[in-house]
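Reviewing the structure listed below.
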Amino acid sequence: DFNLDYRHSFTPIHYLDFKAAHKSYDYDGDTRFCDNVNNSIADTTSRNRRIMGRTWHVAFDYGVAIDDRQHLLIGYNGTFAHDSSRTRMFSVLGEETNAYDFKYRRNIHSTHVTYVAENLGNWNLLADFKAEAYEMFADGTFKNHPVRKPFRLLYLPDVQLSYKLPKYNQLR
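In the numbering used here, the protein residues as written are 19 to 190.
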């Protein structure tokens, strides 16, 4: 696994954040199955499974302070996931009875613009607009045709308003 976080400050009021991460896993295992009725060795099958996956995540954020109470954040996030698995089933005699291959790929791209206004009296405001596009591809030997979903675009607006109680008041 790999993680990288880097911040470059151009001036005290604007900066660029960069983040990258890579995660991977690999599983290789055998499983034995036995017939529950007869419990005989002749009805035993084994399954060999190999699962591999890797994911990259990349993010860029550019922040600029408008004044001491307001700032703007513009960014990009990308996630690129690839998984593959192979399952092979054998009879008790060691003959391969079934084999399945499965491959899966998912790519997500998103951009966002966030405006934050703090200490407006006792109020804070956060307004965010995010556009997200994703693509998915799945293929396996058990299907005649692969599944491919082209890029789909989602728009996700968000507005949050919060109120901070004055210093000497309490809410019970």
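All C-beta atoms in this analysis are idealised placements derived from N, C-alpha and C, irrespective of residue type, glycine included.
Predicted model, so just to flag it, every value in this text is computed and none were measured.
- For L22, the enclosing beta strand (DSSP E) has its first and last residue at F20 to T29.
- A straight-line Cα-Cα distance of about 44 Å links H26 and D119.
- In the three-state scheme derived from DSSP, where H, G and I count as helix and E and B as strand, P175 is classed as strand.
- In this structure, N142 sits away from E150, with a CB-CB distance that is not shorter than 9 Å.
- DSSP, read as helix, strand or coil, puts I126 in strand.
- Between the alpha carbons of Y94 and D101 lies a gap of roughly 23 Å.
- Of the candidates H130, A83, S42 and K185, the residue whose Cα lies closest to the Cα of H32 is A83.
- The C-beta distance from L144 to Q178 rounds to 4 Å, short enough to fall under 8 Å.
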